[in-house]
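Under mature numbering (1 follows the signal peptide of the UniProt record, and there is no 0), the letters of the sequence shown match residues -24 to -1, 1 to 145, in that order.
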Amino acid sequence: MTMLRQLAAASLAVGVIAAGRACAQDQAPAPAPLSPPALGPGGAAGAAPIAGDAVYKAFHEQAGIQRVIDDLIARVTTDPRIGQHFKGVNLKRLNLLLTQQVCYLTGGPCQYTGDDMRSAHAGLGLRNSDFNALAEDLQLAMDKEGVAFSAQNRLLAKLAPMQRQIVTK
Ligand code: HEM
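Listed below in C-alpha cells is the structure:
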C-alpha cells in the first residue's frame, strides 16, 4: 500500500464532515419539524463534483465507471462481511444510481437521480466496519479498472464525509 492510499484509507475511516448547509434565504417558510435537513453541496449525491474532467477521464469515462460499479456490486453482494445487506435489494436500480453518482462526483456529464445518502441507508443499521468493507471493495474495483491512484484518492475523499450519513450504529 502506498502512503497516499494509506492516507485515503485513514481518511475514510475517520470520516471528516465537510458538507455545509444550503443557503435558503430566498426560500420561505421555515422548515417544519419533520422536514429533512438541508442537503449540502451536490444535493442528494452527497458532495459537490470534482472540478474539471481529469478524474472522470482517469476513470475511463462512462464505460469505465460502469465497469467499476458492475465489479463493485459483484464484490459487495458476495462479500461475507456485508453481502447480507444487499439481499432483496433491486440491484439493477442500485447499479444505475451508483453509476450516476460516481459519474457526477468525478466531474462527468451525469445527474444523480436517487435518494440522499442519509435516507437511502436509514434503515440498514450500518456500522463503520461495513463502510470500510465497501470502501475496500471499491478500491479493488478501481484497481481492476486501472484507475490511477491519484484519481482513486480524489473520489475516496469525496465519499469519506458521507460516512456520517450512512453509518447509524
Ligand atoms: C460511500 C459509501 C456509499 C455510497 C456512496 C453509497 C451509495 C448508495 C446509493 C447511491 C444508493 C441508492 C440510493 C437510492 O436508493 O435512491 C445506495 C443504496 C444502498 N446502499 Fe449504499 N452507499 C454507500 C455505502 C453503503 C454501505 C457501506 C452499505 C452496506 C454495507 C450500503 C448498502 C446499500 C443498500 C443495501 C442500498 C439499497 C437500499 C434500498 O434499496 O432500500 N451502502 N447506496
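Glycine included, C-beta positions come from ideal geometry on N, C-alpha and C.
The three-state reading of DSSP puts Lys33 in helix, counting H, G and I together.
Fewer than three pairs of CB atoms, one per stretch, sit closer than 8 Å, so the stretch 17 to 26 makes no contact with the stretch 56 to 75. Comparing alpha carbon positions, the residue from Leu131, Gly101 and Ala124 closest to Arg140 is Gly101.
In this structure, the C-beta of Gly90 approaches the ligand HEM to less than 7 Å from one of its heavy atoms.
Under the 10 Å beta carbon count, Lys68 is surrounded by fewer than 16 other beta carbons and is classified as exposed. Following the DSSP letters along the chain, one finds Arg103 in no alpha helix (DSSP H), marked with neither H nor E.
Relative to Ile49, the option among Leu74, Val31 and Gly64 whose CA is nearest is Leu74. Between the stretch 21 to 30 and the stretch 77 to 93, the count of C-beta pairs closer than 8 Å reaches three or more; the two stretches touch. The continuous alpha helix (DSSP H) containing Lys134 extends over residues Phe125 to Leu135. With respect to the 8 Å criterion, Val52 and Leu132 are not classified as neighbours on the basis of their beta carbons.
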